[in-house]
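Taking it in order: structure first as structure tokens, then the write-up.
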């Protein structure tokens, strides 16, 4: 199953500025915050992860009828390599999620593809 999402980077910036740590801790894991905190394009990094989480949510719902929480999806970066996704909800260890993320000045986009093993 496939999921896709696009988000305006300004939307995520405004949420961080308005709600601060409460927003960040509700949406992102410690590893995600550490990775994005080390990036020059901080808000774009957060936005790409938001889009990725939305894409994964859509693919999971279509495939399993399960609505994951953002906190149950962890998008890990590895500079110069494709992002990896960990599903932090029990019962989905055999599901491999392939993702592609991209961002530019105004928008971030992500595609997620689920492989059942």
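Residue numbers (my numbering): 454 to 570. We treat Cβ as the ideally placed atom computed from N, Cα and C, and that holds for glycine. Model, not experiment: these values are computed from the prediction.
Thinking C-beta only, is residue j closer than 8 angstroms to residue i?
i           : j           : result
residue 565 : residue 508 : yes
residue 462 : residue 500 : yes
residue 567 : residue 550 : yes
residue 494 : residue 556 : yes
residue 521 : residue 542 : yes
For residue i and residue j, I'd like the C-alpha separation in whole angstroms.
i           : j           : result
residue 559 : residue 547 : 35 angstroms
residue 457 : residue 537 : 16 angstroms
residue 492 : residue 525 : 23 angstroms
residue 519 : residue 479 : 19 angstroms
residue 496 : residue 517 : 31 angstroms
residue 569 : residue 473 : 37 angstroms
Go through its chain and collect everything with a Cβ distance to residue i's Cβ below 6 angstroms, but skip five positions before and after it.
i           : result
residue 515 : 454
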